[in-house]
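Quick note: the sequence shown uses my numbering, first residue 1, plus one each step. Beta carbons are placed, not taken as given, at the ideal position from N, Cα and C, and that holds for glycine. Predicted, not measured: the structure shown is a model, and the values here were computed from it. In what follows, a structure is listed as structure tokens, so that the remarks can point back to it.
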Amino acid sequence: MEPGAAAATLDYYAARTDPDGPAMTDSVHAIDAAAIGEPGCSAYTYLQRSVRPFMRGPYDLFSEARGDKAGSEDPLSGFPADDFLTGKGGFLQVFTHGLTGLRLREDGVRLDPTLPPQLHEGITLKGLRFRDAVYEVGIGPRNTTVRLTSGTPFTVHTTEGPRRLTTTLTLPTRRPDLTPTADAARCRPVTATSESPGLYAEAAVDGSPATSWSPDGAAGSLTVDLGPRPQRITAVTPRWSDVPPASHTLETSVDGRFWRPFLAGDTARKVRVTVRSQDPEKPAGVAELRVAADGS
Numbered sequence: 001m002e003p004g005a006a007a008a009t010l011d012y013y014a015a016r017t018d019p020d021g022p023a024m025t026d027s028v029h030a031i032d033a034a035a036i037g038e039p040g041c042s043a044y045t046y047l048q049r050s051v052r053p054f055m056r057g058p059y060d061l062f063s064e065a066r067g068d069k070a071g072s073e074d075p076l077s078g079f080p081a082d083d084f085l086t087g088k089g090g091f092l093q094v095f096t097h098g099l100t101g102l103r104l105r106e107d108g109v110r111l112d113p114t115l116p117p118q119l120h121e122g123i124t125l126k127g128l129r130f131r132d133a134v135y136e137v138g139i140g141p142r143n144t145t146v147r148l149t150s151g152t153p154f155t156v157h158t159t160e161g162p163r164r165l166t167t168t169l170t171l172p173t174r175r176p177d178l179t180p181t182a183d184a185a186r187c188r189p190v191t192a193t194s195e196s197p198g199l200y201a202e203a204a205v206d207g208s209p210a211t212s213w214s215p216d217g218a219a220g221s222l223t224v225d226l227g228p229r230p231q232r233i234t235a236v237t238p239r240w241s242d243v244p245p246a247s248h249t250l251e252t253s254v255d256g257r258f259w260r261p262f263l264a265g266d267t268a269r270k271v272r273v274t275v276r277s278q279d280p281e282k283p284a285g286v287a288e289l290r291v292a293a294d295g296s
């Protein structure tokens, strides 16, 4: 499938998939997003969505459904599965097959590693196997190291062509979040006063219109940190989810303590949007919060 078609297909179906469906769904979305590599960091959004709504304390068991449905009896099927190993397996495959880009070939494996900025310290996967060989993959923010720890050397297919893994290989790490953009908020650190299950703050700045943030009640605020240096902001444009707010406010701040209503030309380090909904059971959401700033 062509990259443009793949991205359009993912965005179309991810936005229309029942959020109260089974726990395996977003792990597949995360693997797809990692492979497609659209500018931004939506793979991390789907990674979060594949685990956070389903973990249950005190032993971190995995439920088959998220939110309130996880504890309610379905008259047709009974309680959702708990501990749901299929969902856990999907979450783990985001790392083994999503971030590494691992695909099996007859003579070896294909690797096309990527790393979202939220995992900037890197990740290492150990104990991976191809036939009798055992290898590990360490994904860093710039480079990825593939190391053969035991067994017979094999071929690693990369974007630069096939290479033989005899001891160690170094591959480039894809960083879709570093694709040039006019949006100063894309993939920046973000927080929210509250979040609905599966509708997390990172979704509002991940570059994908198919994901969104929503508070867990009638009102909530989302704050984006644009970086250590104040920027001159020329526009702040929220793109609403399927449920637009009854009202909203946009504010900026230099220090995160004192806020004022946004005016074009403001100099600030932080941007905040507050949404208010008529129905607390159907809170408004922000699909993307775009910030235009001089120099971005």
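Let me confirm a value: residue i is counted as buried when at least 16 other C-beta atoms fall within 10 Å, else exposed. Which label applies?
i       : result
Ala-182 : exposed
Glu-288 : buried
Ser-150 : exposed
Glu-251 : buried
Pro-53  : buried
Asp-279 : exposed
Ser-42  : buried
Thr-170 : exposed
Measure how close the beta-carbons of residue i and residue j come, nearest whole angstrom, since I'm counting them as under 8 angstroms.
i       : j       : result
Ala-201 : Arg-276 : About 17 angstroms separates the two Cβ atoms, so there is no contact after all.
Pro-215 : Ser-196 : 7 angstroms
Thr-166 : Leu-111 : Actually they do not touch by this definition, with Cβ atoms about 15 angstroms apart.
Leu-226 : Arg-188 : 6 angstroms
Phe-299 : Glu-64  : Only positions 1 to 296 of the chain appear in this structure, which leaves residue 299 out of reach.
Run through DSSP, which three-state label would residue i get?
i       : result
Gly-98  : helix
His-248 : strand
Val-28  : helix
Gly-127 : strand
Gln-231 : strand
Arg-378 : Because the chain spans 1 through 296 in this model, residue 378 falls outside it and cannot be assessed.
Asp-119 : Checking the sequence shown, residue 119 turns out to be Leu, not Asp. Helix, per DSSP.
Ala-201 : helix
Tyr-135 : strand
Pro-176 : helix
Gly-161 : strand
Ser-42  : helix
Thr-9   : helix
Would you say residue i and residue j are within 8 angstroms of each other, going by their C-beta atoms?
i       : j       : result
Ala-185 : Val-291 : yes
Thr-315 : Gly-101 : One cannot answer for residue 315 here, as it falls past the ends of the chain, which runs 1 to 296.
Arg-4   : Arg-174 : Looking at the sequence shown, residue 4 is not Arg but Gly. No, they are not a contact pair.
Ala-268 : Val-286 : no
Val-146 : Gly-108 : no
Gly-198 : Arg-66  : yes
Gly-98  : Ala-30  : yes
Pro-228 : Asp-177 : no
Ile-233 : Val-271 : yes
Ala-235 : Leu-222 : no
So if DSSP puts residue i in a beta bridge, which residue, or which two residues, is it bridged to?
i       : result
Trp-213 : Val-286
Val-109 : Leu-104, Val-156
Thr-223 : Thr-191, Arg-272
Ala-35  : Ala-35 pairs with nothing; no bridge assigned.
Hey, does residue i have any beta-carbon neighbour from chain C nearer than 8 angstroms?
i      : result
Ala-33 : Note that chain C does not occur in the displayed structure, where there is just one protein chain.
Any chance the CB of residue i is under 7 angstroms from a heavy atom of the ligand PLP?
i       : result
Leu-125 : Among the components modelled here there is no ligand, and therefore nothing to report on the ligand PLP.
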